[in-house]
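This report refers to the structure that appears directly beneath it.
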Amino acid sequence: MAAPAAHPRPRDMSVSPLSAEAPPFVPHGADSWRLGSQSDAEKQFSRCASKLRVLRADGAQLKEELNMLFDQLLSENYNRAFEPSVSIRPEDVCGLLKHASRLVPHSQEHLVIKFCQLVHHLLNQLKVIMDEQTLDVLVKYTTGALRVCSAWTHSDILLALSATVYGNGPQCYQLLGEWLGEDGLLQLYGSPSQPSIELRRVALTCLANICLRIPGQPPLDDHLKSLCFGIFLKTLQSPMPPDTDELFYCLVIQAALRGLQCCLSAGKWRFGGGEELGSTLANLKRFMFQGTPGVSVEWPAMLYPAPLPQYECQVTPKPLESTSISDKPKDAAEPSKASVNKKKKPRAKGKKMSRECDGEEDGKEAESSPQKATQRNAEPSSESSAPSFHPSWKRTSSDTEVSDSEGNAHSKLRINHGRVRQAALNCLLALVKGVEKRTLYGYWSSFIPDSPVSRPAALSLLTIILKDPSPKVRACALQVLSAMLDGSRQFLAMAEDTAPPPTSYTPFSFLLATAVRELHRSLNLALLAETSPQTLTQVIKCLAYLVANAPYQRLRPGLLSPLWKQIRPYVHNRDVNVRVSVLTLYGNLLMNQAPLPEVQLLLRQPDGRRGGSSTGLHTPQDSSLSWRHRDGADSQPATPSRSSVPRTPAEDDGSPPWLLHLCESLVTQPREDQSDSEGAGPGGGAVFEPLPVRLEALQVMSRLVRGYFSLVQASLCEIWHISARCLGETDPSVQLQGVKLLEELGTGIIQQYRADSNVPENSRVPMSQVVTFWSEVLSGPLNSALQNEQNPKLQMSTCDALSTIPPQAFAQLPEKTQLMCVTVLLGLSYSENHQVKTATVRALGVFILFPCLREDVMFVADTANTILAALDDRFPNVRAKAAWSLANLTDTLTVNMVSVGVDFQEELSDMLLLKMLQAATRASADKDRVKSNAVRALGNLLHFLRPSQVSRSAFQQPLEAAVHALIQTVQSDATMKVRWNACYAMGNAFRNPALSLGTASWSGEAFSSLCSVVTSCKNFKVRIKSAAALAIPSQRSCYGDTEQFSSVWRSLATALENSEDTHDFLEYRYSASLRRTLSQALLHLLSVSQGQDMPAVGASLTAEEGVGIREHLVKYIRAEDGGVNAEQEEKDEAEERFTPQQRVGGLQETLVRLKGLSAAGELQAEEEEEEEAAGREVVVHFLEDLLKTCEEA
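Going by the working numbering, 1116 is the number at position 1116 of the sequence shown; the sequence numbering is gapless.
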């Protein structure tokens, strides 16, 4: 084929390339030499495929021609990593393989082998996705070949079958039962009893490919997957057969581990109970240390969940069948040196030592994902690079008397040992993600040490992180540890070591605290020693998970200072991923249990750059050798410079935190230096930090403002300007983080101005400064962000930021700005994006509480109509926020009843009020998160109704429906929050005298529901609120007839008697508040009771429960019914507070009133009158005795 015209002509070599006559240099493109032509591999494939298609099964020279064509096809490399331009169509490959399968009979075993090799070669290198017909043809062909061909061919046939079934296990369902049955071929060849180690390896690879699930494909049947899981687990449990080369044994273990990972990666654990889990963990832990020198322990066959640590039994190393020559130290091993913590041996003179494994980076590693872990080319690699560096505790081949071939074998074995360890850790990672965390906590002590360093250290993940020579293995161990720490806050919350433990035993909380400290110590060492940028990133990420979940308030201070000191230089590391991970770590430190005193001290430290380099590029990895490369593995790192040592702040107390300045420079200032990968800015100028670094720095600033607002208060102007600058940028992600930073600023200011804030007036942010900033922001970038319809997330976050404007500041904004905010929010509430609508409705729910807006009837009406429309939205989040905003709006209605009076009630439209009542009633039947605020709104609306509205026929049916909705919610099985709100709403409705509580048809049902809750609800806070609701009616007539009043009294008395009975210990802390509320309710009933109520009340007081009532009432009147915690709980309940003198005064008034009671009517029967008199006498005597007891005290 002629060369394409685009190729330049060859230069005349007689002309000097530096002479003026030389033609100008024209650089070739990456593939310019191949433009317009096929690659050699494609040509060869096309030529052979054409020849193959014309062959017939009855040809005379068929065998010779097939041999030649197969050899030619196998000689080409189709790997796109080697030949990127290879573009052979999958249908051509499928057609070739189907036609070739018809030409090769099973009787020609040599041709069968070559055909199977071709199947594996093409499918593996070209990554062909086969159609169903090709899959069926190849599966049937290879299955038939396994039945009729000799045993010596089965290895190649299984290799072709493994490539065929790669990710296609569910499609082979009909044959899987035959393969995995009791006498199935895969069951037979994959069994530990199979004598051929190669057949075992290929069969396990085939099983792994069957279990592999490709995204979009249906999962394999659980029963079949369990059968495969059993085969893999038995392989791991079985010892290495005698007279077996350890290299081949490592390949078998790798195949089993990859298959196990495929089974575990499918989701939750489905492979039996605790025994299977314990056995799997035990075997994975054993292979985590495969080939590690100096490790000789008796591994347990099972790990058991236990709160106490389970250590491996260390024994004297001795030659084992599974131990390679390369793993045996030259010197005789002593018992004291069997531990992995033994001192490193002296380095060989003149030799460079490093922990990177020889050829580790050049050899193919098992990838972390199961798709890559079970590649079709599972054959052992024949290539390995020559040794260059060795760990200090492992001798080089030149130090031993072995030949070059033996050294090459040792290198291969070392590489495969590393692959086994990596595969075991990948399996463990999949298992950690698949097993419920609560179940896995029992096994923590087997993988994370919980004993002091002075004791013999157990083999754990930290051993691998600190000692393993392969950076990929160390990274895998860090990923496993990160997965274990992720979401473990509730478990680690039990850790505590602020006080010394008892000498007789070690509490579990102390063991857990020791584990946290050991994690800090080991990861700090790994941080100093790590040389691989990728693994260093994993170390910092693991530390970020640790600091996000550790309970530092329950631990002795001092854990964070060394970490803080060591992590600071890495903010300026050359690797972008390292810098981002460091900022993530800082963010987690600021977010966990803020504000922490230790973090406050660290934030006030002077900037470490003042006494050192301004660039901060020198990390421990750059400036000195790793501690692993020095003599003495346990030597401490060099003492850092004086400027980096944490100091107690003195003159720097008033200065902003150095971390704030750091984040500000990362966001707004160009880099002083750039790595080669980052390049330079346009025109060769300076460039800003990469986008991930800037975004993470903005998140750190947001968390700094959220948790440590008082420290950054002096720099609020700078933070505001950074936020405004981010809003003015073009990148949407930067704008979004700028808005979130603004939201945190607004939230911090609002918290300072809350009524219960303990911040002194002179220490708060001046309101004039707040008004000035919001005026500037609202007139500029924030307004543009609100109207940016192309970025709904930005609109949503901007609405959230608007809701953080303090009410005092909003009232001082220009009227035009106020009108703009309200108009934009009302307009955005009709957005088609449900997230924007959710944020808008919530912002309106905040604005409706502003004093300057809540009395504006027009704004209230517009907001109400917007909320009513959102309550009918199809998205639950929108309805939930709409219900919350409606509850806030109705709160303002009840406030305006007092502050404005009847005028506001009359101005508000009756029709709008009716619509709100009906909408809230419908919402009370919605999901719990909607219902909880809907019932609160119902209570407020029922309280707000005027007598003229209650009497109208249009209101009567909706009113009854609203009350019945509250009654049903009180009695329902909804969440306790919903029932608490329903009881609160019921009490709110009882405050409206226009509802005729005593005579209404629903009155009895309402009191009955509250009485049922106060006696039987498991949640004490709901009982408290129901008791408070029963004590709200101010007149006796509201309680209905005598029977209903007696029912309420009996329910309160019974609840008081059982106020300490609970099955949940957490509820016990509310018992004092419950008794206080019940006592107050009983005294309230006595204060409104009449003569006809005396018999029932007197009978209750003379009964056995009367003694308990008296005791509790005495404690209540004396204010002896609760301590400090109870006072705090009562404050949360917002109950009325009375001093002991006020309570005694109220009791005296009740006694005087009861003494003056006379018969209710002249026509009263004589028997009834005597009964009332007797009851009244009992009650009066009870109150006199009660009052005397209290006055004596």
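All C-beta atoms, glycine included, are put in the ideal place defined by N, C-alpha and C. Given the structure is predicted, the values throughout are model-derived calculations rather than measurements.
Q: Verify whether the separation of the beta carbon atoms of residue 1153 and residue 1094 is less than 8 angstroms.
A: The residue given as residue 1153 occupies position 1153 in the sequence shown. The residue given as residue 1094 occupies position 1094 in the sequence shown. Their beta carbons are not under 8 angstroms apart, which means residue 1153 does not touch residue 1094 by this criterion.
Q) Leaving out five residues before and five after residue 805 in sequence, what residues of the same chain have Cβ atoms less than 7 angstroms from its Cβ? A) Taking the first residue of the sequence shown as position 1, residue 805 is located at position 805. Taken in chain order, the residues that qualify are 746 and 774.
Q. Excluding five sequence neighbours on each side, which residues of the same chain lie with their C-beta closer than 6 angstroms to the C-beta of residue 544?
A. Residue 544 sits at position 544 when you count from the first residue of the sequence shown. Here the set comprises 584, 585 and 588.
Q: Tell me, please, whether the region 502-510 touches the region 456-472 by the rule of three or more beta-carbon pairs shorter than 8 angstroms.
A: At 8 angstroms Cβ cutoff, the stretches do not touch.
Q) CA-CA distance, residue 1192 and residue 1149? A) The residue given as residue 1192 occupies position 1192 in the sequence shown. The residue given as residue 1149 occupies position 1149 in the sequence shown. When rounded, the separation of the alpha-carbon atoms in residue 1192 and residue 1149 is 18 angstroms.
Q | the region 886-902 / the region 931-951 touching (three or more Cβ pairs under 8 angstroms) | A | Segments in contact, yes.
Q. Can the beta-carbon of residue 88 be found less than 8 angstroms from the beta-carbon of residue 126?
A. Reading the sequence shown from its first residue, position 88 is the one you call residue 88. Reading the sequence shown from its first residue, position 126 is the one you call residue 126. Taking a C-beta distance under 8 angstroms as the contact criterion, residue 88 and residue 126 qualify as a contact pair.
**Q.** Pair within 8 angstroms by beta-carbon distance, residue 150 and residue 182
**A.** For the purposes of this step, residue 150 is identified with residue 150 of the sequence shown, where counting begins at 1. For the purposes of this step, residue 182 is identified with residue 182 of the sequence shown, where counting begins at 1. Taking 8 angstroms as the Cβ cut-off, residue 150 and residue 182 do not qualify as a contacting pair.
Q: Use the C-beta contact count for residue 902: other C-beta atoms within 10 angstroms, 16 or more gives buried, fewer gives exposed.
A: For this step, residue 902 is matched to residue 902 along the sequence shown. Per the 10 Å Cβ criterion, exposed.
Q: Using beta-carbon positions only, say whether residue 986 and residue 959 come within less than 8 angstroms of one another.
A: Here residue 986 refers to the residue found at position 986 when the sequence shown is read from its first residue. Here residue 959 refers to the residue found at position 959 when the sequence shown is read from its first residue. No, the pair does not count as a contact, with Cβ atoms beyond the cut-off.
Q.
Counting beta carbon pairs with one atom in the region 1048-1064 and one in the region 1012-1022, are three or more of them shorter than 8 angstroms?
A. Between the region 1012-1022 and the region 1048-1064, the count of Cβ pairs shorter than 8 angstroms is three or higher; the stretches touch.
Q. Does the beta-carbon of residue 1181 have 16 or more other beta-carbons within 10 angstroms, so that it is buried, or is it exposed?
A. Along the sequence shown, one-based indexing puts residue 1181 at 1181. With fewer than 16 other Cβ atoms within 10 Å, it is exposed.
Q: Using alpha carbons as the reference points, say which of 999, 1071 and 250 lies closest to residue 1036.
A: As a working mapping, residue 1036 is identified with position 1036 in the sequence shown. Put simply, of 999, 1071 and 250 the residue whose alpha carbon is nearest the alpha carbon of residue 1036 is 999.
**Q.** Buried versus exposed call for residue 43 [16 or more other C-beta atoms within 10 Å across all chains shown]
**A.** By one-based count along the sequence shown, residue 43 stands at place 43. Exposed is the call here.
Q | First and last residue of the uninterrupted alpha helix (DSSP H) at residue 744 | A | Walking along the sequence shown from the start, residue 744 turns up at place 744. Run containing residue 744: 732-752, per the alpha helix (DSSP H) assignment.
Q.
Which residue wins for smallest C-alpha separation from residue 581, given the options 214, 832, 1078 and 534?
A. Here residue 581 corresponds to residue number 581 of the sequence shown, with the count starting at 1. Out of 214, 832, 1078 and 534, 534 has the C-alpha closest to the C-alpha of residue 581.
Q: Give the single residue among 218, 219, 232 and 172 whose Cα lies nearest to the Cα of residue 187.
A: Against the sequence shown, residue 187 aligns to sequence position 187. Put simply, of 218, 219, 232 and 172 the residue whose alpha carbon is nearest the alpha carbon of residue 187 is 232.
Q) So residue 494 and residue 470 are in contact, right, with Cβ under 8 angstroms, and what is the actual spacing, rounded? A) The count along the sequence shown starts at 1 and reaches residue 494 at position 494. The count along the sequence shown starts at 1 and reaches residue 470 at position 470. Actually they are not in contact, since the Cβ atoms of residue 494 and residue 470 sit about 35 angstroms apart, beyond 8 angstroms.
Q: Taking only the alpha-carbon atoms, compute the straight-line gap between residue 780 and residue 721 and give it to the nearest angstrom.
A: Stepping through the sequence shown from its first residue, residue 780 is reached at position 780. Stepping through the sequence shown from its first residue, residue 721 is reached at position 721. CA-to-CA, the gap between residue 780 and residue 721 works out to about 12 angstroms.
Q) When burial is assigned at 16 or more other CB atoms within 10 Å of the CB, is residue 1211 buried or exposed? A) One cannot answer for residue 1211 here, as it falls past the ends of the chain, which runs 1 to 1193.
Q: Give the secondary structure of residue 86 by DSSP, where H, G and I count as helix, E and B as strand, and everything else as coil.
A: Here residue 86 is taken as the residue at index 86 of the sequence shown, counted from 1. In the structure shown, residue 86 adopts coil according to DSSP, grouped into three states.
(Q) Once the 5 residues before and after residue 1033 are set aside, which same chain residues still bring their CB inside 7 angstroms of it? (A) Taking the first residue of the sequence shown as position 1, residue 1033 is located at position 1033. Within the same chain, residue 1033 has close Cβ partners 990, 997 and 1039.
Q. So, residue 870 versus residue 837, is the Cβ gap smaller than 8 angstroms?
A. What you label residue 870 is simply residue 870 of the sequence shown in a count that begins at 1. What you label residue 837 is simply residue 837 of the sequence shown in a count that begins at 1. The criterion of a C-beta distance shorter than 8 angstroms is satisfied by residue 870 and residue 837.
Q.
Which residue wins for smallest C-alpha separation from residue 910, given the options 881, 882 and 950?
A. The residue labelled residue 910 in the question sits at position 910 within the sequence shown. Closest by alpha carbon: 950.
Q | Residue environment, residue 845, which counts as buried when at least 16 other CB atoms sit within 10 Å | A | Your numbering for residue 845 matches position 845 in the sequence shown. Counting Cβ neighbours within 10 Å, residue 845 comes out buried, since at least 16 surround it.
Q) When you compare each of 528, 513 and 483 to residue 557 by their alpha carbons, which one comes out closest? A) Taking the sequence shown and counting its residues from 1, one reaches residue 557 at position 557. Sorting 528, 513 and 483 by C-alpha distance to the C-alpha of residue 557 places 513 at the top.
Q) What is the rounded straight-line gap between the Cα of residue 61 and the Cα of residue 92? A) Stepping through the sequence shown from its first residue, residue 61 is reached at position 61. Stepping through the sequence shown from its first residue, residue 92 is reached at position 92. Taken atom to atom, the span from the alpha-carbon of residue 61 to that of residue 92 is near 24 angstroms.
Q) What is the DSSP secondary structure of residue 298, reduced to helix, strand or coil? A) Here residue 298 refers to the residue found at position 298 when the sequence shown is read from its first residue. DSSP, reduced to helix, strand and coil, places residue 298 within a strand of the structure shown.
Q: Specify, as a first and last residue, the run of the alpha helix (DSSP H) that residue 589 falls within.
A: Translated into positions along the sequence shown, residue 589 becomes position 589. Per DSSP, the continuous alpha helix (DSSP H) segment holding residue 589 begins and ends at 576-591.
Q. Alpha carbon to alpha carbon, how far is residue 663 from residue 689?
A. Here the question's residue 663 lines up with position 663 in the sequence shown. Here the question's residue 689 lines up with position 689 in the sequence shown. Their backbone Cα atoms lie some 11 angstroms apart in a straight line.
Q: Could you name the residues of the same chain whose beta carbon sits closer than 8 angstroms to that of residue 73, not counting the 5 residues immediately before and after it, in chain order?
A: By 1-based counting over the sequence shown, the position of residue 73 is 73. Cβ within range, chain order: 44, 45, 48, 118, 121 and 122.
Q. What residue range is occupied by the uninterrupted alpha helix (DSSP H) comprising residue 70?
A. Residue mapping note: residue 70 aligns to position 70 of the sequence shown, counting from 1. 62-75 is the extent of the alpha helix (DSSP H) around residue 70.
Q) Which whole-angstrom value describes the C-beta separation of residue 602 and residue 542, a residue pair presumed to lie in contact below a C-beta threshold of 8 angstroms? A) Taking the sequence shown and counting its residues from 1, the one referred to as residue 602 is at position 602. Taking the sequence shown and counting its residues from 1, the one referred to as residue 542 is at position 542. So it is not a contact: roughly 20 angstroms between Cβ atoms.
Q. What is the DSSP secondary structure of residue 129, reduced to helix, strand or coil?
A. Walking along the sequence shown from the start, residue 129 turns up at place 129. Residue 129 falls in the coil class under three-state DSSP.
Q) Between the region 715-735 and the region 694-704, do three or more beta carbon pairs fall short of 8 angstroms? A) At 8 angstroms Cβ cutoff, the stretches touch.
Q. Rounded to a whole number of angstroms, what is the C-alpha to C-alpha distance between residue 289 and residue 497?
A. Position 289 of the sequence shown, counted from the first residue, corresponds to residue 289. Position 497 of the sequence shown, counted from the first residue, corresponds to residue 497. When only Cα atoms are considered, residue 289 and residue 497 end up about 32 angstroms apart.
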